[in-house]
Amino acid sequence: SAVISQKPSRDICQRGTSLTIQCQVDSQVTMMFWYRQQPGQSLTLIATANQGSEATYESGFVIDKFPISRPNLTFSTLTVSNLSPEDSSIYLCSATTGGLGEAFFGQGTRLTVV
Amino acid sequence: QKEVEQDPGPLSVPEGAIVSLNCTYSNSAFQYFMWYRQYSRKGPELLMYTYSSGNKEDGRFTAQVDKSSKYISLFIRDSQPSDSATYLCAMSGTGGFKTIFGAGTRLFVKA
């Protein structure tokens, strides 16, 4: 298993600013992912964070809005840029170990844009 | 058609009831099947993990996978108010495939 620490746990940001979320895993993992979860909704995959290279984004998500870094096997950041109220959501970091498909999650970052 | 279908509920049951949660899927490449429990304002917590078809039991929880029917289930015996949460089914293939999540079923267990 993997323990994932995510911070901040919550933040309130002004529109037009940016928020960077950090994700630290306690062991080396194969894959790291970033999800968004709207209130009462399921998880929407934003992107796969690739070590040392550009992230792989899902349809509807672009690098300019959601730049992602993954400098090593255990750490990744997601920045939500040029914030608008529509970005208010929970953002979750996830990781898988090996190729077995188990995905573990951080506690999430609750973002409110005002 | 969504890759994974899950009834969002809500499902309300009395304490002590047996709860059955289900998902169907369309992609026959899925081999790993998971159930997550998510309490309000928390991240999803891995509850059960099953590879391929069959049953897996862990305490009051039993996960079933029927790959021939592309149908998975989670049973909760002797349900407790503390089981009240959203339950998400999830599945993936080999080689680090993306994990695909169901919509989640909100469960309320009444004392």
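From first to last, the protein sequence lines are chains A and B.
Numbering of the first sequence is given in the numbering used here, commencing with residue 10 and proceeding in unit increments.
Numbering of the second sequence is given in the numbering used here, commencing with residue 1434 and proceeding in unit increments.
We treat Cβ as the ideally placed atom computed from N, Cα and C, and that holds for glycine.
Which bits of chain A does residue i rub up against, with CB to CB less than 8 Å?
i               : result
residue 1523(B) : 112
residue 1534(B) : 51 and 52
residue 1531(B) : 42, 54 and 57
residue 1487(B) : The contacting residues do not exist; residue 1487(B) stays about 16 Å from chain A at best.
Which residues mark the beginning and the end of the beta strand (DSSP E) in which residue i is found?
i               : result
residue 82(A)   : Note, residue 82(A): premise wrong, no beta strand (DSSP E); not H, not E.
residue 1518(B) : 1518–1525
residue 1490(B) : 1487–1491
residue 47(A)   : Per DSSP, residue 47(A) belongs to no beta strand (DSSP E) and is neither H nor E.
residue 19(A)   : 19–22
residue 1496(B) : 1494–1499
residue 1505(B) : 1504–1509
residue 1464(B) : Premise fails: residue 1464(B) is in no beta strand (DSSP E) and is neither H nor E.
residue 104(A)  : 98–105
residue 14(A)   : 13–16
residue 28(A)   : 28–34
residue 123(A)  : Taken as a continuous stretch (DSSP letters only), residue 123(A) belongs to no beta strand (DSSP E), as it is neither H nor E.
residue 92(A)   : That residue, residue 92(A), is in no beta strand (DSSP E); it is neither H nor E in DSSP.
Which chain B residues are close to residue i, counting only those with a beta carbon under 8 Å from its beta carbon?
i              : result
residue 116(A) : 1475 and 1476
Mapping DSSP to helix, strand and coil, what is residue i?
i               : result
residue 62(A)   : coil
residue 1515(B) : helix
residue 1478(B) : strand
residue 1438(B) : strand
residue 1443(B) : coil
residue 1542(B) : strand
residue 1536(B) : coil
Determine the chain B residues that contact residue i at a beta-carbon separation under 9 Å, and present them in chain order.
i              : result
residue 101(A) : 1476 and 1477
If the cut is a Cβ gap below 7 Å, which residues of chain A does residue i touch?
i               : result
residue 1442(B) : Ordered by position in chain A, no residue passes the 7 Å Cβ test against residue 1442(B), which lies about 11 Å from the chain.
Give the residues of chain A in contact with residue i, contact being defined as C-beta atoms less than 9 Å apart.
i               : result
residue 1537(B) : 49, 50, 51 and 52
Nearest to residue i by CA position, among the options, is which residue?
i               : options                               : result
residue 113(A)  : 1448(B), 1457(B), 1467(B) and 1441(B) : 1467(B)
residue 69(A)   : 27(A), 103(A), 44(A) and 86(A)        : 44(A)
residue 1526(B) : 1458(B), 1476(B), 1518(B) and 1450(B) : 1458(B)
residue 1462(B) : 1486(B), 1542(B) and 1439(B)          : 1486(B)
residue 16(A)   : 99(A), 62(A) and 111(A)               : 99(A)
residue 1522(B) : 1477(B), 1489(B), 1535(B) and 1488(B) : 1535(B)
If the cut-off is 7 Å on Cβ atoms, which residues from the stretch 1457–1468 of chain B count as contacting chain A, listed in chain order? 1465 and 1467
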